[in-house]
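Working notes, beginning with the structure itself.
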Amino acid sequence: MVLILIATPAGHLLSLRSRLRSLGVRAARQLRNAIGAALTARIPSQNSGKRACAWQISRGSGKRGGSREHRVLQSVPLSELREQAAELRLGPLFSLLNENHREQTTLCVSILERLLQALEPVHVARNLRNDLQRGLTHPNDSVKILTLSQVGRIVENSDAVTEILNNTELLKQIVYCIGGENLSVAKAAIKSLSRISLTQAGLEALFESNLLDDLKNVMKTNDIVRYRVYELIVEISSVSPESLNYCTTSGLVTQLLKELTGEDVLVRATCIEMVTSLACTHHGRQYLAQEGVIDQISNIIVGADSDPFSSFYLPGFVKFFGNLAIMDSPQQVCERYPVFVEKVFEMMESQDPTMIGVAVDTIGILGSNVEGKQVLQKTGTRFERLLMRMGYQAKNASTELKIRCLDAISSLFYLPPEQQTDDLLRMAESWFSSLSRDPLELFRGISNQPFPELHCAALKVFTAIANQPWAQKLMFHSPGFVEYVMDRSVEHDKASKDAKYELVKALASSKTIAEIFGNPNYLRLRTYLSEGPYYVKPISTTAVEGAE
Numbered sequence: 088m089v090l091i092l093i094a095t096p097a098g099h100l101l102s103l104r105s106r107l108r109s110l111g112v113r114a115a116r117q118l119r120n121a122i123g124a125a126l127t128a129r130i131p132s133q134n135s136g137k138r139a140c141a142w143q144i145s146r147g148s149g150k151r152g153g154s155r156e157h158r159v160l161q162s163v164p165l166s167e168l169r170e171q172a173a174e175l176r177l178g179p180l181f182s183l184l185n186e187n188h189r190e191q192t193t194l195c196v197s198i199l200e201r202l203l204q205a206l207e208p209v210h211v212a213r214n215l216r217n218d219l220q221r222g223l224t225h226p227n228d229s230v231k232i233l234t235l236s237q238v239g240r241i242v243e244n245s246d247a248v249t250e251i252l253n254n255t256e257l258l259k260q261i262v263y264c265i266g267g268e269n270l271s272v273a274k275a276a277i278k279s280l281s282r283i284s285l286t287q288a289g290l291e292a293l294f295e296s297n298l299l300d301d302l303k304n305v306m307k308t309n310d311i312v313r314y315r316v317y318e319l320i321v322e323i324s325s326v327s328p329e330s331l332n333y334c335t336t337s338g339l340v341t342q343l344l345k346e347l348t349g350e351d352v353l354v355r356a357t358c359i360e361m362v363t364s365l366a367c368t369h370h371g372r373q374y375l376a377q378e379g380v381i382d383q384i385s386n387i388i389v390g391a392d393s394d395p396f397s398s399f400y401l402p403g404f405v406k407f408f409g410n411l412a413i414m415d416s417p418q419q420v421c422e423r424y425p426v427f428v429e430k431v432f433e434m435m436e437s438q439d440p441t442m443i444g445v446a447v448d449t450i451g452i453l454g455s456n457v458e459g460k461q462v463l464q465k466t467g468t469r470f471e472r473l474l475m476r477m478g479y480q481a482k483n484a485s486t487e488l489k490i491r492c493l494d495a496i497s498s499l500f501y502l503p504p505e506q507q508t509d510d511l512l513r514m515a516e517s518w519f520s521s522l523s524r525d526p527l528e529l530f531r532g533i534s535n536q537p538f539p540e541l542h543c544a545a546l547k548v549f550t551a552i553a554n555q556p557w558a559q560k561l562m563f564h565s566p567g568f569v570e571y572v573m574d575r576s577v578e579h580d581k582a583s584k585d586a587k588y589e590l591v592k593a594l595a596s597s598k599t600i601a602e603i604f605g606n607p608n609y610l611r612l613r614t615y616l617s618e619g620p621y622y623v624k625p626i627s628t629t630a631v632e633g634a635e
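Residue numbering for the sequence shown follows this note's numbering, starting at 88 and increasing by one per position.
Here it is, written out as structure tokens:
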């Protein structure tokens with residue numbers, strides 16, 4: 088019996104055994120020899136205190152019962168493998184990947200995946216470069232993913248990444264992996280190229296060489312691949328102004344923006360998401376403003392009323408302005424692009440749940456800071472009607488839309504203690520009364536529904552207003568509400584217990600709670616807080632002698 092160490096996770100041992108048995112005599116022998124060549128580490132003695140985790144693989148002789156034990160593979164800690172890393176010879180295992188045997192390839196990938204972790208990224212980059220290149224063109228996607236995972240390790244290492252940058256053929260193969268059918272392969276390639284581009288040398292390698300032509304050739308594969316390349320370009324552009332400059336000089340950013348403002352409504356819907364990502368950076372927003380892109384997006388929204396297909400792209404365009412407002416200045420954005428606010432109100436009055444959902448989300452984003460709240464307040468009675476509509480949707484819409492409404496309401500009504508001026512508190516109280524005839528009872532009713540997500544979302548609304556005196560008075564004077572807050576039996580799952588605890592914490596931390604709730608209730612809140620979210624009151628029992 089030959090004992091060989093193989094570093095594969097213990098949980099995978101049984102599946103590996105069954106796979107090896109299915110390989111057949113010749114393939115199993117080849118794999119045995121390859122692993123034997125790869126692993127030369129000594130086996131710890133039985134006295135080392137390590138628990139054996141061995142299993143056997145039988146080699147069929149073609150006759151029933153004619154098998155014999157010839158292999159034992161044992162899992163060992165990665166730290167021990169690293170000690171023997173210099174002795175690992177992986178060439179034979181990589182060679183087996185070239186054979187057209189699916190089960191053998193799958194098993195080799197599982198083995199190599201573990202063994203390669205024992206090697207330093209620099210060693211992998213320098214000594215396995217040919218194997219990496221072959222791996223990127225392998226017909227089996229699992230081999231490509233294995234290879235790209237090693238590329239990912241290399242590009243994260245400042246010493247090893249140079250080896251990648253000097254290997255133009257390897258870089259080319261990574262670029263062409265973006266065009267593959269397997270999304271996981273494409274995502275891994277995008278991630279690696281994005282990481283490579285974090286350095287000046289990486290930017291030059293990608294944009295000042297033939298790789299740029301390769302990137303443009305890959306884009307011609309189909310629409311999906313073209314959008315993947317745009318995704319990569321936006322990721323790189325978002326890093327710094329210099330990175331953005333490389334991307335704009337390449338012409339790819341300009342191409343993306345042309346598609347955004349083109350006539351194809353489906354393309355618009357896809358491109359706006361990427362442009363929104365670019366706008367998340369200050370230099371990205373500056374570039375979009377200088378190029379007139381923001382004005383063009385605004386104009387498209389203006390013309391959306393006459394476009395029967397506007398529902399395809401309008402949600403994304405409105406989200407763009409919502410994010411723009413919260414990252415810059417809500418007041419400036421809403422004043423410069425009034426069509427944005429107008430469209431949000433229109434969408435809220437729509438009968439289309441998709442449009443309502445986008446409007447709700449946007450209102451939540453816009454009203455998440457004081458400046459945004461004040462912008463909404465300036466719309467007067469129109470915003471009061473919107474709040475009434477939001478309260479109606481929170482009660483009657485689908486569960487998913489109810490939760491979005493509750494999240495937006497939480498965002499709208501939260502005021503940090505340092506921002507609680509008399510004017511803002513009066514505004515919040517007035518808004519709250521616009522939601523329904525009895526908003527507190529509305530949210531309490533929602534919280535009693537047998538859906539944990541709804542329950543938590545309703546508790547989140549209570550938590551948002553819990554530190555405001557007007558809300559504390561409403562809670563105290565609402566029949567049974569204080570008992571509802573103190574009652575631990577209402578919550579049954581962890582998320583609900585955590586949400587209730589956050590409500591209690593918000594109440595107990597308020598400077599006005601003792602005065603409004605009274606000292607006895609305040610002490611009950613403090614006790615709840617000190618006991619933690621998962622406290623269970625012990626139940627006392629009395630044993631009676633002779634009872635059965």
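Each residue gets a CB set at the ideal place from its N, CA and C atoms; glycine is no exception.
Beta-carbon spacing of residue i, residue j below 7 Å
i      : j      : result
Val569 : Asn608 : yes
Phe294 : Ser337 : yes
Val352 : Tyr400 : yes
Ile251 : Ile241 : yes
Thr249 : Asn227 : no
Val420 : Ala412 : yes
Ala544 : Leu493 : yes
Leu339 : Val362 : no
Tyr588 : Pro539 : no
Leu453 : Pro417 : yes
Ser455 : Ser498 : yes
Ser523 : Glu471 : no
Leu290 : Tyr317 : no
Ile265 : Arg189 : no
Residue i in three-state terms, based on DSSP
i      : result
Val352 : helix
Val591 : helix
Val623 : coil
His77  : The requested residue 77 is not part of the displayed model; the chain covers only 88 to 635.
Ala558 : helix
Arg524 : coil
His225 : coil
Arg104 : Residue placement at Arg104 cannot be trusted, given a pLDDT of 42 that sits under 50; what the coordinates show is reported in the next sentence. Correct three-state label for Arg104: helix.
Asn269 : coil
Ala275 : helix
Glu346 : helix
Ala391 : helix
Lys547 : helix
Ala553 : coil
Lys489 : helix
His542 : helix
Enclosing alpha helix (DSSP H) for residue i [first to last residue]
i      : result
Asn314 : For clarity, residue 314 is Tyr in the given sequence; the question names Asn instead. Here the alpha helix (DSSP H) through Tyr314 covers Asp310 to Ser324.
Pro440 : Pro440 to Leu453
His370 : His369 to Gln377
Pro566 : Careful: Pro566 lies outside any alpha helix (DSSP H) and carries neither H nor E.
Tyr263 : Thr255 to Cys264
Gln480 : Thr468 to Asn483
Asp61  : Because the chain is modelled from 88 through 635, residue 61 falls outside the range shown and cannot be assessed.
Asp246 : Unbroken run through Asp246: none, as it is neither H nor E.
Arg613 : Asn606 to Glu618
His210 : Pro208 to Asn214
Assigned exposure category for residue i - 16 Cβ within 10 Å defines buried
i      : result
Ser324 : buried
Ala495 : buried
Tyr501 : buried
Asp509 : exposed
Asp439 : exposed
Ile384 : buried
Arg476 : buried
Arg355 : buried
Ser197 : buried
Cys367 : exposed
His542 : buried
Ile381 : buried
Pro526 : buried
Beta-carbon separation (whole angstroms), residue i vs residue j, contact threshold 8 Å
i      : j      : result
Ala275 : Gly239 : 7 Å
Leu180 : Cys195 : 6 Å
Leu512 : Gln555 : 6 Å
Ile283 : Leu223 : Their Cβ separation, rounded to whole angstroms, is 14 Å, which puts Ile283 and Leu223 out of contact at 8 Å.
Gln220 : Leu257 : 5 Å
Val321 : Ser271 : Actually they are not in contact, since the Cβ atoms of Val321 and Ser271 sit about 20 Å apart, beyond 8 Å.
Leu590 : Val572 : 7 Å
Thr441 : Gly409 : Wrong, their Cβ atoms sit about 15 Å apart, outside the cutoff.
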